[in-house]
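Student:
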Amino acid sequence: MASAVMSSVRKDDFFFKNPRELFMLFSGGEVSLQKPKPDPVPEVAKETVPLTVTSSSAEDTVLTNHPSLLGKVPILGNLFDTRPANSHDVRLQISVVLMRSTFAGLDVGNLLGDLRELGQELIKNQVTLQLVSNDVDPATGSGRVSKSVTFEQWTQPRNLLIPKLFCFNLDCFVSRNFGTPGAIILHNGHKNLVLPQLNITTEFKITKAQVTMPDRRVVTFLCDSWVYASEKDKGGRIFFANKVYTPAQTPPGLRKLRKDELKELQGDGTGERKEWERIYDYDVYNDLGTPEERRPILGGSAEYPYPRRCRTGRMMNPDGVTETLPKGSLTNNYIPRDEQFDDVKKSGFLGTSLKGKKHQLIANLGSHDEDFRSFDEVRQLYVPLGQESSVQELISNQQQPFELIRQFAFASGDNKNVFKYPTPRIIAADKDAWTEDVEFGRQVLAGMNPIVIEALKTFPPYKDMAATAEMVQPHLEGLTVQEALRQNRLFVLDYRERLLGYIQRINDLKSTQAYAAWTLFFLTEEGTLKPVCIELSLPGAEGGSPKSRVFLPAKAGAAKNWGWELAKAHVLSNDASFHQVISHWLRTHAVIEPFIIATNRQLSIMHPVHKALVAHFKNTMDINQSARKSLICAQGIVEQTFTPQKYALEISSKVYAGWRFVDEALPNDLIKRGMAVPDASAPHGLRLVIDDYPYAKDGLELWAAIRGWVKEHIDLFYPDDRAVQADEELQNWWTELRTKGHADINEGWIEADSKDNLVQIVTTVAWVASCHHAAVNFGQYLYAGFMPNHPAMTRKLIPEEGTPEWEAMQQNPEKYLLSMLANAVMTKLNMTTIEILSTHSSNEEYLGERGDNWTDDERVKGVFKRFSKRVDEICNLIQGRNADPKNKNRNGPVKVPYELLYPKSGPGLTNKGVPNSISI
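For the sequence shown, UniProt numbering gives the first residue as 1, with consecutive numbering after it.
1) Taking just the CA atoms, how far does residue 546 sit from residue 803?
2) Report the rounded CA-to-CA distance for residue 260 versus residue 719, giving the unit in angstroms.
3) Take residue 641 as the anchor and find which of 243, 896, 145 and 828 has the nearest alpha-carbon.
4) Scan the region 711-784 and note each continuous alpha helix (DSSP H) run of 4 residues or more that stays entirely inside, going in chain order.
5) Would you identify the three-state DSSP class for residue 428, choosing helix, strand or coil?
6) Counting Cβ pairs closer than 8 Å, one from the region 248-263 and one from the region 617-626, do we hit at least three?
7) Does the separation of the CB atoms of residue 920 and residue 839 fall below 9 Å?
8) Could you work out which residue in 508, 604, 458 and 845 is closest to residue 731 when comparing CA atoms only?
9) Considering Cα atoms alone, identify which of 445, 234, 535 and 226 is closest to residue 890.
10) Mind checking which residues open and close the alpha helix (DSSP H) that includes residue 451?
11) Could you check if residue 153 is buried or exposed, using at least 16 other CB atoms within 10 Å of its CB as the buried criterion?
12) If you draw a straight line from the C-alpha of residue 634 to the C-alpha of residue 291, how long is it?
13) Could you check whether residue 280 and residue 601 sit closer than 9 Å to each other, using their CB atoms as the reference points?
14) Out of 854, 895 and 849, which has the shortest C-alpha to C-alpha gap to residue 905?
15) For residue 841 versus residue 907, is the C-beta spacing smaller than 9 Å?
16) Note down, in chain order, each residue of its chain lying with its Cβ closer than 6 Å to the Cβ of residue 915, except the 5 sequence neighbours on either side.
17) Compare the beta carbon distance of residue 529 and residue 567 with 9 Å and say whether it is the shorter of the two.
18) Classify residue 88 as buried or exposed, calling it buried when 16 or more other Cβ atoms lie within 10 Å of its own Cβ.
19) For residue 211, collect the residues of the same chain with a Cβ closer than 6 Å to its Cβ; drop the 5 residues on either side in sequence, then sort them by chain order.
20) Per the DSSP calculation, residue 922 is bridged to which residue(s)?
21) Which of helix, strand or coil does DSSP assign to residue 495?
22) Report the CB separation of residue 616 from residue 769 in whole angstroms; it is logged as a contact under 8 Å.
23) Under 8 Å by Cβ, that's how I've got residue 901 and residue 774 pegged, so tell me the actual separation to the nearest angstrom.
24) Could you spell out where the alpha helix (DSSP H) holding residue 875 opens and where it closes?
25) Going by Cα to Cα distance, which pick from 372, 148 and 188 is closest to residue 174?
26) If you compare alpha carbons, which of 888, 500 and 492 is closest to residue 455?
27) Got a sec: is the Cβ-Cβ distance from residue 862 to anything in chain D below 9 Å?
28) Could you give the C-beta distance for residue 758 and residue 714, rounded to a whole number, given that I count them as a contact under 8 Å?
29) I'd like the list of long-range same chain contacts for residue 893, defined as Cβ closer than 7 Å, with 5 residues on each side in sequence excluded.
30) Would you kindly work out how many angstroms separate the C-alpha atoms of residue 575 and residue 284, rounded to a whole number?
31) What residue range is occupied by the uninterrupted beta strand (DSSP E) comprising residue 936?
32) What do you reckon, are the CB atoms on residue 583 and residue 449 nearer than 9 Å?
33) With respect to 8 Å, is the separation between the Cβ of residue 522 and the closest non-hydrogen atom of the ligand GTP below this value?
34) Skipping 5 residues on each side, what residues in its chain have a beta carbon closer than 7 Å to that of residue 680?
35) Can you tell me whether residue 854 is helix, strand or coil according to DSSP?
36) Under a Cβ-count criterion, where at least 16 other Cβ atoms within 10 Å of its own Cβ denotes burial, should residue 508 be classed as buried or exposed?
If you want it as structure tokens, here you go:
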């Protein structure tokens, strides 16, 4: 008997470390408690395949093609049958790196799956590979296809607690006229085991493949995809060489495969989607409500227009209107397998979520639906200042048994106290600076929602306004209202127009109470924004003029005006709701999902536009399906913690009716809001009306950098406008995106009929997915983690002056303000949610970064390298701006620098960093 041994010695215990030991028993080997001596390995016989197996772990045994061993192992019976068919064949050396299936998609091994694969290998249901040539086989009219090559030694050992990649080295013999391989076809011959209460899958993820040619040229293939059993992927999986081609530039042997792959991804629009499928298709949002908790169907109607989401094909409820929900709390909505979080991301997301729930649970001990009584009581939720320590950097996840444990055990940012929330930086330097009016004004330019402020064109903007010029003028540094308008020094945060139509319905719910707020700001000589007037409106009787109240700031040196402070809280509640469901959810998550679907349905993975955009789509569909389950659904977190409650998503539909793609480009958005004017002499061709507008200032640098990269990238593949117009995939993509993905919006599109327009389209999509999302997402805990600074909910209206309630408020205004806002339980639920949303994962890719082996095109890499260098320069530029004391809006009284568009970040709660994609 061969003495090849698999053992794992832990003191005197005898146990199987992994399924390979079982394999050795089945194949006639021994399992010993003694450290084995390796068998002598003779020289590899001539014309045999050197099937060496490399391992990332020194303790794992490496098997070679030792004849004395392999002759006794049935699983390797075909090992020596891969010699060339005749002397005219040539050998192509293939290297494939893959990751075996994991448990529940986490970064731990799947023992049951390993045992299932072992059994399949023993009965010769194996994994095989074929090469496809760039050249056409005259007999078939398609690319030449090689014979199948089998992955031997499949059941290699692995430590189930440490993620590991396996490398297989194979030989394939082809005729001398085969040509250069342009694709591989992978067949997973393993079969799944489906039982009533158990489904054991045999999927694996191929991360890298390459072929070494006889002349030593190396062809790599774009993989990074999960491969299910061939009973599911009946035709096998196609992976193309890591090249970039328009359809016209595609090698002849790959053209049919290119079309076939897109057809498979499109599906036929029928049936319920299964977890192993890769089909991308569209549907309306008919899964937010239930027959018991009805919500409008968003999308597909003039009344409730909306972007489309990924189709699941689940059965409809008996009402014939709503789609049935996933069965079980652990079951997710269908998305294509490769759109799901990778193992590290999934473990980290789960760990962060559990950590947030841990904070919420500890904070809720002994607390019920009570109101906070003071700001100091709110501050007790956080780890005390001075007890922080630096967060541990994750050096390599390969050394972490569970990413979820790392995330759970170590709290976000600098806080490692396992029982309390991390202290938001807004109260770290000065616990009361957030209350100042100048900070209130700064945050509309540099806070978590800096994309709503607009220049005021006329005063009054509404004929029935209660605010007058006489009320405002004393706060304008000696100017009249008309003079301030002419000098572009009046700005407005206008939620009257956006929310007034829903205020009565919201207030009828009784659990929350709200106004539609209109807030006027004045640009001071110092360059800061000063709030000078707040008008809060309720709907008028029978559709008449609204009933409005005007609040003005206290005069210099006077005591604090608590009516003004209560009015600011209502403004911020309007802003928080609009921020979460529109600036954040609608304008990034929801509008990008149709782009992801259309890109995968209509653009080959080899297409230059697909190559440019794919990194900006990573993880978005998974976080969106999760949001539909728990965040934006009926009685979800948004409805529980934000003032509009059940009307939140309905309001976003009304806003989407006015959404225009062209306005999502940052320069167009700034011009539309009156925050910038075209100026050929200014940087980037725009002059900001407020020069110290951190979001716009940093955003324009990043916009210009992205556009410069995209232009160079497009120039590589399209010599002129005619080439753009002739690209069938590109035209199908842009047509489908507009007519299916955003079918309810007929205006505000540009045609993909020129290079310049194509550059604008790709730049806008990349901007929204990266910079826009980062600007409105990663500051949520920074600014709203301390609830009084940016409250998500108001539960009371402001008492009328002269009433007993007004007098009671004046006795303890701080307590009254907090009683007007969310109670303790709702506050903690919202804090838990935004802590999760504001946290970067350990394997995040940031703007200017790409993963390994993302392309083999040296021209493409050269263009991107220049872009990466420019992003690094912008990092330094932002640091310099934050250090300049003249830029008063970049730090403010709270002494928090504006870094939400600072491109780079480490993991955790950092309040900075621009990921490539909407990944959280």
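Every residue, glycine too, gets a C-beta built ideally from N, C-alpha and C.
Tutor: Based on what the coordinates show:
1) Each residue's Cα considered, the two are about 22 Å apart.
2) Within the model, the alpha-carbon separation for residue 260 versus residue 719 is close to 27 Å.
3) Considering only alpha carbons, the answer is 828.
4) 721-726, 728-736, 755-767, 773-777 and 780-784, all fully within the region 711-784.
5) Here residue 428 sits in coil by DSSP.
6) The answer is no - the region 617-626 does not touch the region 248-263, with fewer than three Cβ pairs under 8 Å.
7) Taking a C-beta distance under 9 Å as the contact criterion, residue 920 and residue 839 qualify as a contact pair.
8) When 508, 604, 458 and 845 are compared, the shortest CA-CA separation from residue 731 is found for 604.
9) When C-alpha distances from residue 890 are compared across 445, 234, 535 and 226, the shortest belongs to 445.
10) For residue 451, there is no enclosing alpha helix (DSSP H), as DSSP marks it with neither H nor E.
11) With 16 or more neighbouring CB atoms inside 10 Å of its own CB, residue 153 falls in the buried class.
12) For residue 634 and residue 291, the distance between alpha carbons rounds to 11 Å.
13) Yes, these two residues count as a Cβ contact at 9 Å.
14) Comparing Cα positions, the closest option is 849.
15) Closer than 9 Å, so yes.
16) 844 and 846, listed in sequence order.
17) Note that the C-beta distance between residue 529 and residue 567 is not below 9 Å.
18) With fewer than 16 Cβ atoms within 10 Å of its Cβ, residue 88 is classed as exposed.
19) These residues qualify, in order along the chain: 92, 94, 181 and 219.
20) This structure leaves residue 922 out entirely; the chain is present only between 1 and 920.
21) Of the three classes helix, strand and coil, the one that applies to residue 495 here is coil, per DSSP.
22) By a beta-carbon distance limit of 8 Å, residue 616 contacts residue 769. Their separation comes to about 4 Å.
23) Rounded, the Cβ-Cβ distance is 7 Å, consistent with contact.
24) Membership of residue 875 in the alpha helix (DSSP H) is indicated by the continuous run 858-883.
25) Nearest option by C-alpha distance: 148.
26) Selected option, being the one with the closest Cα: 492.
27) No chain D is present in this structure, which holds just one protein chain.
28) Their Cβ separation, rounded to whole angstroms, is 6 Å, which keeps residue 758 and residue 714 in contact under 8 Å.
29) Excluding residues up to 5 positions away in sequence, 430, 433, 436, 438 and 439 lie with their Cβ nearer than 7 Å to the Cβ of residue 893 in the same chain.
30) The straight-line gap from Cα to Cα measures roughly 27 Å.
31) Lying before the first or after the last residue shown, residue 936 is absent from the chain, which here runs from 1 to 920.
32) Yes; because the gap between Cβ atoms is below 9 Å, this pair is in contact.
33) The ligand GTP is absent from the structure shown, which contains no ligands of any kind.
34) Nothing meets the Cβ criterion.
35) In this structure, residue 854 counts as coil in the three-state DSSP scheme.
36) Burial is judged here by how many other beta carbons sit within 10 angstroms of a residue's own beta carbon; residue 508 has fewer than 16 and is exposed.
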